[in-house]
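Contents: one structure, followed by commentary.
There are 2 protein chains.
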Amino acid sequence: MSDVTYILVTGGVGYIGSHIVVELVNAGYTPVIIDIFANAVKATDNGRPVVIERMEKIVDKQLIYHDIDILNKSALDDLFAKYSFYAVIHLAGLKAMRESINMPIEFYKVNVFGTLNIVECMKEHGVNNLMFSSSGSVYGTPQYLPIDEKHAVGGCLTPYGKSKYFIEEILRDVSKAEKNWNIILFRYFNPVGSHKSGLIGEDPRATNLMSYVAQVAIGRKPHLSVFGGDYDTHDGTGVRDYVHVVDLALGHIAALKQFTTKGGLKIYNLGSGKECSVLDMVRGMEKASGKKIPYKIVDRKDGDVGSSYSDATLIQTELGWKPEKNYEEMFEDLWRWQKNNPEGYETANSI
Amino acid sequence: MSDVTYILVTGGVGYIGSHIVVELVNAGYTPVIIDIFANAVKATDNGRPVVIERMEKIVDKQLIYHDIDILNKSALDDLFAKYSFYAVIHLAGLKAMRESINMPIEFYKVNVFGTLNIVECMKEHGVNNLMFSSSGSVYGTPQYLPIDEKHAVGGCLTPYGKSKYFIEEILRDVSKAEKNWNIILFRYFNPVGSHKSGLIGEDPRATNLMSYVAQVAIGRKPHLSVFGGDYDTHDGTGVRDYVHVVDLALGHIAALKQFTTKGGLKIYNLGSGKECSVLDMVRGMEKASGKKIPYKIVDRKDGDVGSSYSDATLIQTELGWKPEKNYEEMFEDLWRWQKNNPEGYETANSI
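If you read the protein sequences in the order shown, they are chains A and B. Per this note's numbering, the first sequence runs over residues 1 to 351. Per this note's numbering, the second sequence runs over residues 1001 to 1351.
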């Protein structure tokens, strides 16, 4: 047996992917990253993507990276022929939820067909361990809280959410046909924070709350618009389930260690299970940054719900994973990344 | 304006496709057929597919046929560049429902990704009229009868049914993003019968009731197995909604004539709206063929329902279409095809 355990990480340079890659190396695995920077500008330093250099600095090792599109089946075939993968962590896909409404064809093609290519390669090359990055958005509007894995799925409103739901259903069918495969569907809630080095983190142009909060803290945006102040929550603003991205990454490592040869499909929420409102997040970031974060309460957004948070006990029971980071670390880590890299990787090329 | 109105028919040599092609020509359109014989053996006569020759004999015209796979985007691009299509009738796809359980990857790839390729070509080449061959199976287990278009969808059990449902959802999203497109989703119930010439018809290896009944009538199979004799129906056997394939084809012509420039998505059941049991069908075929059709009642099949039939009034109201053929014609036409072509196109090459 080789002492190198290759793990394919599709979308491995993204926000979540980069943190998973770091934790894979920390845990002794050899990640093989493929990515085409579909969701981000590809900032390079002497021709190499900055994010790769940053990850390499963190783990003090050279990383394997290939510029391969998951839509390119023959390039994937060559990759699967080159490495004998123990498992695939499939994160690649388009993710801008609101954009997906205007670009349904692109979203379904990249997300659904891309996944079919990955799964087909796995079958053809005898790889049978798969983790897929699904989303809490497959639950649609919560019918009860906290949302456990038994909650109904499929009430998704956007092509993004539907594409995740379709892929889940496809992988359920694959699991029935390929009985020796181990498949894990992770339903991510809201990842925030960054690696404690401050070297990697989320693109500040991401259209989620905390990217916006951080941009206000750093003075690049004048104020935060809070969509809805009259929800039935402790302070009237929307409540979500935020999980430190490093904790989320460690969930994948816990799963990897427990892959059995029994086969079957498992579904786990990856969230903190904690309720946190917009204003809680604003205050947390004000404390971590020492900056005032002005905000304005504006109208609710169509389709938004007041509260959404997970019951994240199943993964704790079955895989022994639970979030280790507290909220202070989450804010401090996010602030460190943001302060050191106000424009993300784009203008922060030198390490 | 050209006096030739090209209509792309994907899957145009199949059972339903071939009947649509004939009616398109009858109605003055110029069908362009693409097909790769994915669901049937490609019987040829002097290098030409027999089914094409048969259709040409019926319409007394040469037909345009290209051996193009809907998975081959660049070949599709060339085709869309060559012809200026007025509309696309998209029928191509894998259809063996029970097979799909063991081959989910193939079914999703051909059906879902194939459709995305077609839709992407339409967008790139400015074609905005689309009909898609969905299926009554998107309704899953009927919650009430007859099933109208407002019935819930998505409770499908097989990758085949799910792929149809996913495509419907994808096309709904496409319709929201491309507001000037006209999209019609036809939910087919159970097409039977053949063109009255007896020259074209369904592959006798098809795994549906009437193909089997016809095979027993012609003496190629000893008896019919009737799955379930204790359903809550008028004679205990399963009740379905059978529609003459020529009527079904004419539904597409009716829709084509009514395509507007307003844009939007419409969904129509394409069924007869009539209830017909297995034993009704057996008796009808016995009468048409003059043969005894022995049958044995055996256990129900997992997942089968007792009754499923459509409310087909919406298409009658909105498109002015209704089934014209009676049951006698359905059986007589099926019997003529079957008698003249006991092995389908395979051993019946000369016309």
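Idealized CB from N, CA, C, for every residue including glycine.
According to DSSP, residues forming a beta bridge with residue i
| i | result |
| --- | --- |
| residue 225/A | 296/A |
| residue 45/A | 48/A |
| residue 1032/B | 1008/B and 1064/B |
| residue 25/A | Its beta-bridge partners do not exist; DSSP assigns none. |
| residue 1131/B | 1089/B and 1184/B |
| residue 987/B | As shown, chain B starts at 1001 and ends at 1351. That puts residue 987/B outside it, with no answer to give. |
| residue 369/A | Nothing about residue 369/A can be reported from this structure: the residues present for chain A run from 1 to 351 only. |
| residue 1239/B | 1277/B and 1307/B |
Contact set for residue i: own chain, Cβ-Cβ below 7 Å, skip 5 residues either direction
| i | result |
| --- | --- |
| residue 165/A | 138, 153, 154 and 156 |
| residue 171/A | 132, 183, 185 and 265 |
| residue 320/A | 254 |
| residue 351/A | Per-residue confidence for residue 351/A stands at a pLDDT of 49, beneath the threshold of 50, marking its modelled position as unreliable; the derived number appears in the next sentence. Answer for residue 351/A: 53, 54 and 57, listed in chain order. |
| residue 1213/B | 1224, 1281, 1282, 1285 and 1293 |
| residue 1354/B | With chain B represented from 1001 up to 1351, any question about residue 1354/B goes unanswered, as that position is not in the structure. |
| residue 1199/B | 1054, 1057 and 1058 |
| residue 1041/B | 1346 |
| residue 259/A | 87, 129 and 182 |
| residue 141/A | 155 and 305 |
| residue 175/A | 181, 183, 264 and 265 |
| residue 291/A | 217 |
Chain-order list of residues whose beta-carbon lies under 6 Å from that of residue i (same chain, five-residue window excluded)
| i | result |
| --- | --- |
| residue 332/A | 288 |
| residue 1236/B | 1229 and 1230 |
| residue 1001/B | Confidence at residue 1001/B is low in this model, with a pLDDT of 46, below 50, so its placement is unreliable and the value that follows should be read with caution. Nothing meets the Cβ criterion. |
| residue 179/A | 263 |
| residue 1100/B | 1107, 1158, 1159 and 1160 |
| residue 151/A | 139 |
| residue 267/A | 149 and 185 |
| residue 97/A | 158 and 160 |
| residue 31/A | 7, 9, 21 and 24 |
| residue 1203/B | 1040 and 1344 |
| residue 301/A | 227 |
Distance CB(residue i)-CB(residue j) smaller than 9 Å
| i | j | result |
| --- | --- | --- |
| residue 312/A | residue 263/A | no |
| residue 1205/B | residue 1197/B | no |
| residue 75/A | residue 68/A | yes |
| residue 352/A | residue 201/A | Residue 352/A lies beyond the residue range present for chain A, which begins at 1 and ends at 351; the question has no answer from this structure. |
| residue 1339/B | residue 1147/B | no |
| residue 1243/B | residue 1208/B | no |
| residue 1027/B | residue 1257/B | yes |
| residue 125/A | residue 337/A | no |
| residue 1177/B | residue 104/A | yes |
| residue 6/A | residue 84/A | yes |
| residue 1089/B | residue 1145/B | no |
| residue 34/A | residue 12/A | yes |
| residue 1327/B | residue 1275/B | no |
| residue 4/A | residue 80/A | no |
| residue 1187/B | residue 1270/B | yes |
| residue 1193/B | residue 1325/B | yes |
| residue 121/A | residue 82/A | no |
| residue 1169/B | residue 296/A | no |
Beta-carbon contacts of residue i that lie in its chain and below 8 Å, excluding the five residues immediately before and after
| i | result |
| --- | --- |
| residue 1299/B | 1227 and 1228 |
| residue 416/A | Outside the shown range of chain A, which is 1 to 351, sits residue 416/A, and nothing can be said about it. |
| residue 1304/B | 1227, 1228 and 1238 |
| residue 61/A | 25 |
| residue 1071/B | 1109, 1110, 1113, 1114 and 1117 |
| residue 1048/B | none |
| residue 1221/B | 1212 and 1215 |
Residue i Cβ short of 8 Å to the ligand SAM heavy atom set
| i | result |
| --- | --- |
| residue 346/A | The ligand SAM is not part of this structure, which contains no ligands at all. |
Legend entry - Unbroken stretches of the alpha helix (DSSP H), 4 residues or longer, contained in the stretch 264–344 of chain A: 278–289, 313–319 and 327–340
Legend entry - the stretch 1106–1125 of chain B touching the stretch 108–117 of chain A, judged by at least three CB pairs closer than 8 Å: yes
Legend entry - In chain order, each beta strand (DSSP E) run of at least 3 residues that lies wholly inside the stretch 87–173 of chain A: 129–135
Legend entry - Validate contact between the stretch 1018–1028 of chain B and the stretch 1238–1250 of chain B using beta carbons, cut 8 Å, 3 pairs: yes
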